[in-house]
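K.L.:
Shown below is the structure under consideration.
2 protein chains.
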Amino acid sequence: MLIGEYEHSLDTKGRLIMPAKLREDIGEKFVITKGLDGCLFGFSQKEWANFEEKLKTLPLTQKNARNFVRFFLSGAMECEIDKQGRFLIASNLREAGSLEKEVVIIGVGTRIELWNKEKWHEYSKQESSSADEIAENMDMIGI
Amino acid sequence: MLIGEYEHSLDTKGRLIMPAKLREDIGEKFVITKGLDGCLFGFSQKEWANFEEKLKTLPLTQKNARNFVRFFLSGAMECEIDKQGRFLIASNLREAGSLEKEVVIIGVGTRIELWNKEKWHEYSKQESSSADEIAENMDMIGI
DNA sequence: ATGTTCATATTCACCAATAAGCACTTCTTT
DNA sequence: AAAGAAGTGCTTATTGGTGAATATGAACAT
């Protein structure tokens, strides 16, 4: 289970540390893609296979679905973690995720997400302030 | 059953004593997350597993669900109690719970809560003054 | 009261994770 | 062939997490 929030920075070559606590779960090789809400997604090989399966079931006949599939697959790349715990993010993905220097890496259960630090704080500030909504959701799933 | 109110302080590295009376129930490993009303929640592994299962069923395609899952999982971490009865709280969670030095730990049945001491006293003062109101609500659940 | 035990507080030293800089290779472009 | 860009790997310094040692204080028994 991937959880937690970590802050690290890209080096001059566009590499990023994979936080030690996520390394085991994400695996030595994993896949990153363009994500939703302006971040990048990262999947372990297992979860990626899972995700691919789901994409395959979408009807090619629907434009929506075609777009959705294109978005994820065209924006995907395989990453490998080096001996020092870093991985390289291709420049097109760095751009897609607005990653410049400071990056926030979060674990979201079955995937990780990479965020531009400022964007993340903006986003999470906004979200956690809607505590009532959160409480309602908690109700829904029974906490 | 987790009950009681305890007051302890963070050491310079951000570690906190788990009160002896809570240790057995919460377990050696447990999970803390951002909570509501400005405190942190702590769940035993069993309670957390339950919660995780439910989160997994939420759809990636809905923004609401994404927000909710992000809030809890990115704000969660697994803690382990060391031989001396302490556990480390990651700095982002210390910040989220406004924990500086003095911390109040309370047992709330299925979970514990960590509060900034001052905030807790403020909150509980305010709440206990409305004890009548609470009593009325008890009606609701048939006490 | 005295000694004993247990829970907690505090400090220090060590080790692992990370940040940052640099050198080397490969590939592309000119 | 030379220069530049991009990718890979190494080395060093720093930070922060972990464990050990010790001190304090409360609860309890004698």
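For the protein sequence lines, the chains are A and B, in the order given. According to our numbering, numbering within the first sequence proceeds without interruption in unit steps and concludes at 143. According to our numbering, numbering within the second sequence proceeds without interruption in unit steps and concludes at 1143. From the three backbone atoms N, C-alpha and C, an ideal C-beta is built for every residue, glycine too.
Give the DSSP bridge partners of A:Arg66, in chain order.
P.N.:
Partner(s): none; A:Arg66 has no beta bridge.
K.L.:
Mind listing which residues of the stretch 87-110 of chain A have their C-beta closer than 8 angstroms to chain B's C-betas, in chain order?
P.N.:
Ile106, Gly107, Val108, Gly109, Thr110
K.L.:
Between B:Glu1052 and chain A, is there a C-beta pair that is closer than 8 angstroms?
P.N.:
yes
K.L.:
Report yes if the C-beta distance between B:Leu1010 and B:Val1104 is below 8 angstroms; otherwise report no.
P.N.:
no
K.L.:
Below 8 angstroms on the Cβ atoms is my guess for B:Arg1086 versus B:Ile1017; work out the distance and round it to an integer in Å.
P.N.:
5 angstroms
K.L.:
For B:Met1077, go through chain A and note every residue whose CB falls closer than 7 angstroms to its CB, in chain order.
P.N.:
Ile3, Gly4
K.L.:
Taking buried to mean at least 16 other C-beta atoms within 10 Å of its own C-beta, is B:Glu1100 buried or exposed?
P.N.:
exposed
K.L.:
So, under 8 angstroms CB-CB, A:Leu22 and A:Gly75 are touching, yes? Tell me the CB distance rounded to an integer number of Å.
P.N.:
Going by Cβ atoms, the distance from A:Leu22 to A:Gly75 rounds to 21 angstroms, so no, they are not a contact pair.
K.L.:
With C-beta atoms as the reference, is A:Leu93 less than 8 angstroms away from A:Ile32?
P.N.:
yes
K.L.:
For B:Gly1116, return the contacting residues in chain A, with the cut-off set at a CB-CB distance below 7 angstroms.
P.N.:
Note on residue identity: the sequence assigns Asn, not Gly, to residue 1116 of chain B. Those do not exist, as B:Asn1116 stays about 16 angstroms from chain A at its closest Cβ, beyond 7 angstroms.
K.L.:
Can you look up B:Met1138 in the DSSP assignment and give me helix, strand or coil?
P.N.:
helix
K.L.:
Going by DSSP in three states, A:Glu95 sits in which element: helix, strand or coil?
P.N.:
helix
K.L.:
Mapping the DSSP letters down to three states, classify B:Ile1026 as helix, strand or coil.
P.N.:
Residue state for B:Ile1026 is assigned as helix, using DSSP reduced to three classes.
K.L.:
What separation, rounded to the nearest whole angstrom, lies between the Cα atoms of A:Asn116 and B:Asn1067?
P.N.:
17 angstroms
K.L.:
Please classify B:Gly1004 as buried or exposed, where buried requires at least 16 neighbouring CB atoms within 10 angstroms.
P.N.:
Classified as exposed, B:Gly1004 has fewer than 16 neighbouring CB atoms from the shown chains inside 10 Å of its CB.
K.L.:
Bridge partners for A:Arg86 per DSSP, in chain order?
P.N.:
A:Ile17
K.L.:
Roughly how many angstroms lie between the CA atoms of B:Glu1007 and A:Glu133, to the nearest whole one?
P.N.:
31 angstroms
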